[in-house]
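Read the structure below first, then the notes.
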Amino acid sequence: MKMKKRLGSLLWIGLAAMLCGPMTVTAAELSIQSDTLLRVFSRDTSTENDAAVMPTYEYLQIDIENPEGSGLSFHLYGWGRLDLADNDFYSDATAGELLYGYMEYSQEQARFNARLGRQHIFEGVSNDAIDGLRLSSELGRYFSGSLYAGQPVALDSENGRSGDSIYGGRLAHHLLGRYTLGTSYKKSRNDSDDAEEMFGIDLSVSLPSDASLEGFSKYNLESEDWGEHSYQLFLAFDNMSLRPYFQKFKYEDYFGTGANSANPFRFLADTGEELTVIGGDLTIPVGDSWVLVAKAKAYDYQILDDSSQYYAVQATWSSEAHNQIGGEVASMTGDVAQNDYYLVRLFTYWDQFSDEVPVSFISGDLVYVGFDKEIYGEDRSLFVSLGTGKKYLDDALELKLSGDYSSDPYFDEDFRGMLTASYRFGRDL
Numbered sequence: 006m007k008m009k010k011r012l013g014s015l016l017w018i019g020l021a022a023m024l025c026g027p028m029t030v031t032a033a034e035l036s037i038q039s040d041t042l043l044r045v046f047s048r049d050t051s052t053e054n055d056a057a058v059m060p061t062y063e064y065l066q067i068d069i070e071n072p073e074g075s076g077l078s079f080h081l082y083g084w085g086r087l088d089l090a091d092n093d094f095y096s097d098a099t100a101g102e103l104l105y106g107y108m109e110y111s112q113e114q115a116r117f118n119a120r121l122g123r124q125h126i127f128e129g130v131s132n133d134a135i136d137g138l139r140l141s142s143e144l145g146r147y148f149s150g151s152l153y154a155g156q157p158v159a160l161d162s163e164n165g166r167s168g169d170s171i172y173g174g175r176l177a178h179h180l181l182g183r184y185t186l187g188t189s190y191k192k193s194r195n196d197s198d199d200a201e202e203m204f205g206i207d208l209s210v211s212l213p214s215d216a217s218l219e220g221f222s223k224y225n226l227e228s229e230d231w232g233e234h235s236y237q238l239f240l241a242f243d244n245m246s247l248r249p250y251f252q253k254f255k256y257e258d259y260f261g262t263g264a265n266s267a268n269p270f271r272f273l274a275d276t277g278e279e280l281t282v283i284g285g286d287l288t289i290p291v292g293d294s295w296v297l298v299a300k301a302k303a304y305d306y307q308i309l310d311d312s313s314q315y316y317a318v319q320a321t322w323s324s325e326a327h328n329q330i331g332g333e334v335a336s337m338t339g340d341v342a343q344n345d346y347y348l349v350r351l352f353t354y355w356d357q358f359s360d361e362v363p364v365s366f367i368s369g370d371l372v373y374v375g376f377d378k379e380i381y382g383e384d385r386s387l388f389v390s391l392g393t394g395k396k397y398l399d400d401a402l403e404l405k406l407s408g409d410y411s412s413d414p415y416f417d418e419d420f421r422g423m424l425t426a427s428y429r430f431g432r433d434l
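Take the position in the sequence shown, starting the count at 1, then add 5; the result is the number in the working numbering.
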């Protein structure tokens with residue numbers, strides 16, 4: 006109850022500051038980013054085998070904001086798709102969505118921020134797109150808080166939007182940058198039925214010798230049990246760093262959430278699975294160009310009754326100009342077929358060429374996996390990706406062409422091609 010009163014007070018304080026505070030109009034910058042993608046691949050449809058599918062996507066982002074980051078700003082980002090082949094692969098030849106579109110007001114005093122419109126909320130247990138209002142501010146020297154309310158975007162196609170709602174927030178205590186302890190809450194309703202109610206605790210601690218501890222736990226208030234515990238410790242000594250971590254997921258409480266039919270992984274709640282992961286990464290720089298990374302991870306599945314171990318070594322060479330060449334060798338040992346394999350990967354990115362070369366960069370990625378046991382009659386998988394591109398108009402326009410090939414136990418062969426045109430525009434208003 007105390008938390009609800011505090012968050013409610015924050016809402017009224019935020020609204021008063023937004024409506025009555027200084028709204029000085031300052032110089033603004035307009036930036037436009039356009040990404041047009043043409044993809045080509047083949048699929049079996051209800052009317053044709055190996056039908057050519059050629060969807061064209063347009064992603065458009067528009068921002069109008071103060072260069073200093075305060076004051077009033079506007080942000081818009083959305084996508085649209087047109088299937089040029091129109092061969093029934095998609096239920097509709099055209100589709101699109103506004104990913105976010107909101108008005109934002111920020112001021113340095115108390116780090117106040119208000120956003121109104123379609124936006125994505127990352128507040129402890131919340132990772133949701135909503136149509137609504139979000140407020141955040143410092144609450145004195147040792148506390149900060151945020152509050153949001155609106156309608157969840159993911160549920161707008163489920164029998165309309167009547168009865169759909171989502172609200173929540175986060176309250177954090179911090180001390181001189183040494184630690185932050187946060188509590189968060191979220192509740193959503195779908196057609197007036199409870200869809201999800203979660204409580205979370207997050208922790209971030211700065212330790213001596215550049216060490217740090219971070220963690221997050223999520224509690225399902227409907228099932229009354231913990232759905233997730235994820236914690237990691239970062240240790241630095243000399244030039245090396247070590248990151249041990251622990252994760253535990255209880256699927257029934259992590260995915261099982263009332264009437265939340267928009268959750269695509271909700272079916273996993275019925276498995277009753279409990280997964281525990283313990284692992285660590287060791288990063289060792291060698292000279293000025295090489296970085297070696299050793300990884301170890303242990304998986305324990307309670308229902309699947311499988312304990313798997315994953316080990317990998319990765320080496321990457323990088324130049325000052327961001328050219329990169331690397332490789333990775335990994336091994337996974339487990340009782341079930343999909344958890345018993347070895348992996349070899351090679352990758353590169355190169356963007357330093359003479360003026361005579363007609364491209365600005367070349368990228369490549371190759372992944373080969375060999376399974377110890379056959380899966381649907383296959384014991385290997387292969388993925389190959391190649392890409393290149395060229396920049397024009399003082400780097401404002403970039404054309405990129407890529408092609409992918411894959412073959413695995415779940416798909417005999419798959420070829421994909423993609424042409425991307427990215428354009429950046431900015432000017433003072």
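No residue lacks a Cβ here, since even glycine has one placed at the ideal position from N, Cα and C.
Item                                                                                                                                                             : Value
Would DSSP call alanine 159 helix, strand or coil?                                                                                                               : helix
Which class does threonine 50 belong to by DSSP, given the choice of helix, strand or coil?                                                                      : coil
What distance in whole Å lies between the Cβ atoms of arginine 421 and phenylalanine 46, which are believed to be in contact at a cut-off of 8 Å?                : 4 Å
Who are the near neighbours of alanine 426 in its chain, counting only those whose CB is closer than 6 Å to its CB and skipping five residues on each side?      : Thr41 and Leu404
Hey, out of Lys396, Glu53 and Ala200, whose CA is closest to proline 363's CA?                                                                                   : Lys396
Does glutamine 307 come out as helix, strand or coil in the three-state DSSP assignment?                                                                         : coil
Nearest by alpha-carbon distance to alanine 241: which of His234, Leu212, Asp258 and Glu233 is it?                                                               : Leu212
On a Cα-Cα basis, can you pick out the residue from Ser149, Val296 and Gly129 that is closest to tyrosine 172?                                                   : Gly129
Closest by CA to aspartate 4, which one among Met423, Thr281 and Ile367?                                                                                         : Summary: the structure shown does not reach residue 4, with the chain confined to residues 6 through 434, and so no result is reported for it.
Tell me which same chain residues have a C-beta within less than 6 Å of the C-beta of alanine 98, skipping the five on either side of it?                        : Asp88 and Asp91
In terms of residues, what are the limits of the alpha helix (DSSP H) holding glutamate 102?                                                                     : Careful: glutamate 102 lies outside any alpha helix (DSSP H), inside the beta strand (DSSP E) at 99-112.
What distance in whole Å lies between the Cβ atoms of histidine 80 and tyrosine 105, which are believed to be in contact at a cut-off of 8 Å?                    : 7 Å
With a CB to CB cut of under 6 Å and the five nearest residues on each side skipped, what residues in its chain are close to leucine 273?                        : Tyr256 and Phe260
Just list the residues that DSSP pairs alanine 32 with in beta bridges.                                                                                          : Per DSSP, none; premise fails for alanine 32.
Between which two residues does the beta strand (DSSP E) containing aspartate 419 stretch?                                                                       : 416-433
Tell me whether arginine 385 sits in a helix, a strand or coil according to DSSP, three-state version.                                                           : strand
Can you have a look at proline 157 and say buried or exposed, based on whether 16 or more other CB atoms are within 10 angstroms of its CB?                      : buried
Kindly indicate which three-state DSSP category asparagine 118 falls into: helix, strand or coil?                                                                : strand
Let me check one thing: in DSSP terms, what residues is phenylalanine 366 bridge-paired to?                                                                      : Gly394
Anyone know if the C-beta pair for serine 386 and aspartate 413 falls short of 8 Å?                                                                              : yes
Output the residue ranges of the beta strand (DSSP E) runs that lie fully inside the stretch 211-297 and measure 3 residues or longer, sorted by chain position. : 216-225, 230-242, 245-255 and 279-291
Have a look at Tyr62, Ser167, Leu391 and Ser131 and flag the residue whose alpha-carbon is nearest the alpha-carbon of serine 222.                               : Ser131
For a cutoff of 8 Å on Cβ pairs, would you count leucine 65 as touching chain B?                                                                                 : Looking at the structure shown, chain B is missing, and only one protein chain is on hand.
Quick one: grab the DSSP three-state call for asparagine 344.                                                                                                    : helix
According to the neighbour-count rule (16 or more other Cβ atoms, all chains shown, within 10 Å of its Cβ), is methionine 245 buried or exposed?                 : exposed
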